[in-house]
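Remarks on the structure that follows.
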RNA sequence: GGAGAAAUGGCAGAGUGGACGAAUGCGGCGGUCUUGAAAACCGUUGUCAGGGCGACUGGACCGGGGGUUCGAAUCCCUCUUUCUCCGCCA
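This is the structure in structure tokens:
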């Protein structure tokens, strides 16, 4: 959420930058400013009334003490009207606050000034690419068939137990999954991230804090009996560790990593890229989350990109890094890099990571602040996160790219984790 | 799940109707002393949204919400959380 103060002070700039996200801003910005002006005027009136009541109350107290009961009682009558007005103004103020809040949460984050607008995914900017795309012969199989051939991932069994999109990993498949999780966690810890294991369900406040609510509630599984949401990413619980917090500047940066399963309903995406592991309802992901001083957040973003790049390099996967254009960026992001790996049998680029700087957008919702060492003022921190990495599509690419006629070769970097160097029948 | 107790500033902990945004201690920050440090002493030290160019200024906040009252940290209702005991249990 953008802060209303910033909007008030930088109206033109805000509108211009929102345009880059193809967001029609003029009407809503005007509405926000008008509502804020009303809010402030109401608060001023209310403050005056309350001040009057306070001093009247003091007077009454003094009158009673000095035994002037008659005068005290007549003074009491004066408060009736004031109290009525205070009641009305309080209600009015809370109405304006609610209104303003409802407006502000509909305004997306400002894209970083470097970002070009674009029309969609086709306008994303290729930053770097690496690795070699393998040449597979005609008999190469897509990963879902490899999964069946080697009996390592069972989609039908998951459908029986739960429903579609809940695969069962078996034998070497399970070990590969666990090995990848350990590999990603170990790499993150080596890079200075602290591992945390958060709850897999969050309350409404947390889901709001990172921006999943109110708009994306249909993407999350909801446990109605307790009003909890199953996390769609560990970004939600891990970032919310710092909700309603004021950190000392010396505590920054905060660098956390966490492995969790992620749960996504994927409502509305049926039939689209859903074969095999490409889009499933429960999947494993290792996430990196950072809280930074504003002046450091972009160098942190670059560091995170390098970290993720090293992971795909070590896995020897062909990859490319795209910087998203305004039109393709998420509501909450100021700058996002997507990582894609090439899955050779499907002949498709698969998104395996998204690394974003949210600047102060999440922090404002979360009330995540720090004390500036120079002017001692409390300011919003910057939050960033990225997948490092999401497992299913990595597994898909590993299976497809490394297949031979009778086995699947495990990349060297992973063998100490899996304990085997190839998957066989 | 049953019974009881509690929730106050960074922490500990006082405060049961007005002078309390809140004693005191610890911690933090600044200073005096010291070659330096410690100790001692002095000062300072919450958040939120306002008004004012500013020095400042008035408002709200004692777990959340509601109520009683001229006036609430204090009384009442309700919710949440924590602790203790009992029951059940990985």
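Numbering (this note's numbering), first residue to last: 280 to 704. All residues carry an ideal CB built from backbone N, CA and C; glycine is no exception. Since we're looking at a predicted model, the values are computed, not measured.
So, using beta-carbon positions, are residue 387 and residue 555 closer together than 8 Å?
no
Reference residue 535, options 310, 470 and 507, closest by Cα:
470
At which residues does the beta strand (DSSP E) containing residue 630 begin and terminate?
627-638
DSSP-derived helix/strand/coil call for residue 744:
What is shown of the chain runs 280 to 704, which leaves residue 744 out entirely.
Assign residue 569 to one of three DSSP states: helix, strand, or coil.
strand
Report the residue ranges of all beta strand (DSSP E) runs contained in full by the segment 363-431; include only those spanning at least 3 residues, in chain order.
404-409
Within 10 angstroms of its Cβ, does residue 477 collect 16 or more other Cβ (buried), or is it exposed?
buried
Using only CA atoms, which one of 616, 603 and 630 lies nearest to residue 396?
603
Measure how close the beta-carbons of residue 440 and residue 481 come, nearest whole angstrom, since I'm counting them as under 8 Å.
Not a contact, Cβ separation roughly 25 Å.
Could you pull the start and end residues of the alpha helix (DSSP H) that residue 510 belongs to?
Per DSSP, residue 510 belongs to no alpha helix (DSSP H) and is neither H nor E.
Measure the C-alpha to C-alpha separation of residue 384 and residue 376 and round it to an integer number of angstroms.
12 Å
Answer yes or no: do residue 290 and residue 312 have a C-beta to C-beta separation smaller than 8 Å?
yes
Separation of residue 626 from residue 408, as counted between CA atoms
16 Å
Taking the C-alpha atoms as reference points, what is the distance between residue 667 and residue 571?
18 Å
Between 605, 639 and 671, which has its C-alpha nearest residue 402's C-alpha?
605
With DSSP collapsed to three states, give me the class of residue 540.
strand
Could you have a look at residue 592 and say whether DSSP puts it in helix, strand or coil?
helix
Using three-state DSSP, classify residue 479 as helix, strand or coil.
coil
Rounded Cβ spacing between residue 389 and residue 297 (contact assumed at less than 8 Å):
7 Å
Opposite residue 534 in the DSSP bridges: which residues?
569
In terms of residue numbering, what span does the alpha helix (DSSP H) encompassing residue 453 cover?
451-469
Local Cβ density within 10 Å of residue 540, reported as buried at 16 or more and exposed below that:
exposed
If I'm right that residue 709 touches residue 299 with Cβ under 8 Å, what's the distance once you round it to whole angstroms?
The requested residue 709 does not occur in the structure, where the chain is confined to residues 280 to 704.
Reference residue 332; option with closest CA among 358, 562, 350 and 340:
358
What does the Cβ neighbour count give for residue 512, buried or exposed, with the cut at 16 atoms within 10 Å?
buried
Below 7 Å CB to CB, which residues in the same chain sit around residue 576 once its five sequence neighbours on both sides are set aside?
636, 638, 661 and 663
By a C-beta neighbour count over all protein chains shown, 10 Å radius and 16 as the cutoff for buried, is residue 683 buried or exposed?
exposed
Host alpha helix (DSSP H) of residue 242 (start-end):
With the chain covering 280 to 704 only, the question about residue 242 has no answer from this structure.
Say whether the segment 610-623 touches the segment 693-701, bearing in mind that this needs 3 or more beta-carbon pairs closer than 8 Å, one atom from each stretch.
no
For residue 670 and residue 456, which I take to be in contact (beta-carbon distance under 8 Å), what is that distance rounded to the nearest angstrom?
6 Å
CA-CA distance, residue 634 and residue 303?
26 Å
Using a Cβ-Cβ cutoff of less than 6 Å, which residues in the same chain neighbour residue 465 once the five nearest sequence positions on both sides are dropped?
none
Helix, strand or coil for residue 666, going by three-state DSSP, please let me know.
strand
Residue 437 and residue 446 look like a contact to me (Cβ under 8 Å); what is the Cβ gap, rounded to whole Å?
5 Å
Given a cut-off of 8 Å on the beta-carbon distance, is the pair residue 680 and residue 659 in contact?
no
Cβ pair count under 8 Å reaching 3, the segment 347-365 against the segment 323-338
yes
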